[in-house]
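When you read off a place in the sequence shown, starting at 1, and then add 316, the result is the number in the working numbering. To start, the structure itself, in structure tokens.
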Amino acid sequence: MITELARQALRDFVQDKFLGYKIGTGGDSSNPNATNLDAPLSVGGAELQTSGITITTSGISSIDFTITLSASSYVGEVIREVGIFNTATDITIDGTTYAAGEIMLVRVPFDGIGPITSSDTIEIVVSVDVF
Numbered sequence: 317m318i319t320e321l322a323r324q325a326l327r328d329f330v331q332d333k334f335l336g337y338k339i340g341t342g343g344d345s346s347n348p349n350a351t352n353l354d355a356p357l358s359v360g361g362a363e364l365q366t367s368g369i370t371i372t373t374s375g376i377s378s379i380d381f382t383i384t385l386s387a388s389s390y391v392g393e394v395i396r397e398v399g400i401f402n403t404a405t406d407i408t409i410d411g412t413t414y415a416a417g418e419i420m421l422v423r424v425p426f427d428g429i430g431p432i433t434s435s436d437t438i439e440i441v442v443s444v445d446v447f
């Protein structure tokens, strides 16, 4: 059993360190050993994005990542996956320090959305429970 205080601490760690996302066109099942999306898209030369994301918590262990996409950045694409990634650069695991975008918290594949037009409004909500 993880205590309620420890669950809150884990939730707060995730909320503080995982503030970025990537959008992609891959759509197969998720692999727990994956470190990136199947087919991430670049926006402005970068896969990792931090604009348009809002993070809210509910209860002692739930986090909602709400991503509002700028459709003009994805015109013509059919998006099929989203991932939540670290933006913190001070995460060290087993002696290895990871740069921003190197740790994927969760990947969610979904039925394709698109082809996207510049007038589309796209909001994706990823809910995570930290146990």
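A virtual CB, placed ideally from N, CA and C, is assigned to each residue, including glycine.
Looking only at its own chain, which residues have a Cβ that is under 8 Å from the Cβ of residue i, when we skip the five neighbours before and after it?
| i | result |
| --- | --- |
| residue 368 | 383, 384, 385 and 386 |
| residue 327 | 373, 376, 377, 378, 379 and 446 |
So residue i and residue j are in contact, right, with Cβ under 8 Å, and what is the actual spacing, rounded?
| i | j | result |
| --- | --- | --- |
| residue 434 | residue 391 | 5 Å |
| residue 335 | residue 366 | 6 Å |
Find the nearest neighbour of residue i within the set the options, judged by alpha-carbon distance.
| i | options | result |
| --- | --- | --- |
| residue 441 | 405, 400 and 430 | 400 |
| residue 432 | 324, 332, 334 and 339 | 339 |
| residue 422 | 320, 354 and 394 | 354 |
| residue 425 | 398, 437 and 406 | 398 |
| residue 348 | 439, 365, 420 and 438 | 420 |
| residue 360 | 370, 346, 345 and 389 | 389 |
| residue 364 | 427, 317 and 415 | 415 |
| residue 351 | 322, 402, 408 and 343 | 402 |
| residue 342 | 408, 418, 331 and 393 | 393 |
What residues are listed by DSSP as bridge partners for residue i?
| i | result |
| --- | --- |
| residue 385 | 438 |
| residue 365 | 337 |
| residue 420 | 401 |
| residue 377 | Looking at the DSSP assignment, residue 377 forms no beta bridge with any residue, so it has no partner. |
Here's a check: name, in chain order, each residue in its chain whose Cβ is nearer than 6 Å to the Cβ of residue i, leaving out the five neighbours to either side.
| i | result |
| --- | --- |
| residue 404 | 333 |
| residue 429 | 395 |
| residue 346 | 423 |
Within its chain, find whatever has a CB closer than 7 Å to the CB of residue i; leave out the 5 residues flanking it on each side and keep chain order.
| i | result |
| --- | --- |
| residue 320 | 376 |
| residue 318 | 447 |
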